[in-house]
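J.:
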Amino acid sequence: MTDARDRFESPALRLKWAHRNLDEFEEGCTALIADDQRVMSVEYDAEADETFIVLTFPNEPPEKLRELADRIIGDLRSALDQAVRASASLLHPELSEAQLKYAVFPFADTEKGLARQLVSPKGPFRSVPPALHDLIHETEPYPRDPETLAPGNNMLCLLNNLANPQKHESLLEIGPGGAMALWHRPIGEGFKYLFPRPRPEGNFELLRHKGRPGPEYKISLASTVYLVQSDPIGTFDAPGVLRDIGKLVEKIVLDIQETTLKSLAGEA
Numbered sequence: 002m003t004d005a006r007d008r009f010e011s012p013a014l015r016l017k018w019a020h021r022n023l024d025e026f027e028e029g030c031t032a033l034i035a036d037d038q039r040v041m042s043v044e045y046d047a048e049a050d051e052t053f054i055v056l057t058f059p060n061e062p063p064e065k066l067r068e069l070a071d072r073i074i075g076d077l078r079s080a081l082d083q084a085v086r087a088s089a090s091l092l093h094p095e096l097s098e099a100q101l102k103y104a105v106f107p108f109a110d111t112e113k114g115l116a117r118q119l120v121s122p123k124g125p126f127r128s129v130p131p132a133l134h135d136l137i138h139e140t141e142p143y144p145r146d147p148e149t150l151a152p153g154n155n156m157l158c159l160l161n162n163l164a165n166p167q168k169h170e171s172l173l174e175i176g177p178g179g180a181m182a183l184w185h186r187p188i189g190e191g192f193k194y195l196f197p198r199p200r201p202e203g204n205f206e207l208l209r210h211k212g213r214p215g216p217e218y219k220i221s222l223a224s225t226v227y228l229v230q231s232d233p234i235g236t237f238d239a240p241g242v243l244r245d246i247g248k249l250v251e252k253i254v255l256d257i258q259e260t261t262l263k264s265l266a267g268e269a
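In our numbering, each residue carries its 1-based index in the sequence shown increased by 1.
Right, here's the structure in full:
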């Protein structure tokens, strides 16, 4: 059983690196608050009945913080894939290296789509061990439906959207105070970030962009945003959001490990 646990050393290291970089990232974001030179304005979208705070920063975000955020997101996403691969190699040692490339943590657009892809013999997740299927369904790796409020894990999907290699044409930008957004390019003479007023369903969501070039959606993270006359900007906590994602990923990785070990021991 010790040898089996050793197979999960790689995702454990990824989590360790992510937590270490998060500490440095948080310190850097905190230091930026004192030097904040943001320009603030409030915009109202009558069609959406939504009020936005628009921030423009005159300077490009520090390269070090962008590097740290990229590492954190990449390590957390990799930890999920590596945990599933470790499980597959233990529970199904007959799988070849070519087959193991389909042993990755799955994401889907809907719950039904996830169920269909997990069991498809030619699907992208064909080598995910059946012993993990129930656990994966419990994590709800698909977005919550904003209209029906059907179950879904937006935080887990946010990690996947930020880390997805196909999304790398966009730039991950971080503004003073730790505000973080995914943008396709600088706008105007500085970088702009839109933050929605807080809603009960969470502190981040996918926002539709209207009248702007580039991707149809962008992702914005802000833990606390509120409107008052004296100071319309609250505190932005990108490190806090990434820590929450990190805790979620760590729990999933540990659950994958324990489910795998129980299956090996015949306890499942």
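Ideal Cβ placement from N, Cα and C applies to all residues, glycine included. Here the structure is a predicted model, which means the values were calculated and not measured.
What's the C-alpha gap between V12 and A47?
T.: A small correction: the amino acid at residue 12 is Pro; Val does not occupy that position in the sequence shown. Their backbone Cα atoms lie some 46 Å apart in a straight line.
J.: Out of curiosity, what's the CA-to-CA distance linking E25 and G247?
T.: If you take the alpha carbons of E25 and G247, they lie about 15 Å apart.
J.: Among P130, G114, F108, which has the Cα closest to the Cα of T140?
T.: With distances taken between Cα atoms, T140 lies closest to F108.
J.: Starting from the Cα of D76, find the closest Cα among W18, N161, H93, E98 and give me that residue.
T.: Checked all of W18, N161, H93, E98; the closest Cα to D76 is W18.
J.: Quick one: what does DSSP say F12 is sitting in, helix, strand or coil?
T.: Reading off the sequence shown, one finds Pro at residue 12, where the question assumed Phe. Residue state, collapsed to three classes: helix.
J.: Looking only at its own chain, which residues have a Cβ that is under 7 Å from the Cβ of G124, when we skip the five neighbours before and after it?
T.: For G124, where only same-chain residues beyond five positions count, the Cβ hits under 7 Å are Q118.
J.: Hey, would you say R127 sits closer than 8 Å to Y103, going by beta carbons?
T.: It is a contact, given that the beta carbons lie within the stated cut-off.
J.: Classify S97: buried if its beta carbon has 16 or more other beta carbons within 10 angstroms, exposed otherwise.
T.: S97 is exposed by the Cβ-count criterion.
J.: Evaluate T111 with the Cβ neighbour count: other Cβ atoms within 10 Å of its Cβ, from every protein chain shown; 16 or more gives buried, anything less gives exposed.
T.: T111 comes out exposed.
J.: Do you know how far the Cα of R67 is from the Cα of T260?
T.: If you take the alpha carbons of T260 and R67, they lie about 35 Å apart.
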